[in-house]
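Written below as structure tokens is the structure these notes are about.
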Amino acid sequence: MLLCRNLRGSDAGIPQEAANTKIPAVVMSNILIDKTGRRPLLVVSNTGNCFCFFLIGLSFYLQDHGYWKEIAPILV
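Numbering (this note's numbering), first residue to last: 510 to 585.
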């Protein structure tokens, strides 16, 4: 617990639960990057970003033209 408090800083305003999950997440991400490499992770990440931006753009398009008013907010 003292280690987590020192890593997050005493005045950072971060809850203890967030600090406890941050350390294993950083360790797992380092292991994942070492095993797969950066390029495949960047390709997967950018593909997900493109898909999400497409959905946001589609939602704005549908809202602007008045199509599917009940479905457009769900896409965002």
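Backbone N, C-alpha and C fix where the C-beta goes; we use that ideal spot for every residue, glycine too.
In the three-state scheme derived from DSSP, where H, G and I count as helix and E and B as strand, GLY546 is classed as coil. The C-alpha of ARG547 lies about 36 Å from the C-alpha of LEU571. By the criterion of a C-beta distance shorter than 7 Å, ILE542 is surrounded in its chain by LEU550, once the five residues flanking it on both sides are discounted. Take PHE563, set aside five residues on each side of it, and no residue of its chain has a beta-carbon closer than 8 Å to its own. In the structure shown, the three-state DSSP call for PRO533 is helix. In the three-state reduction of the DSSP assignment, GLU579 falls in the coil class, being assigned neither a helical nor a strand state.
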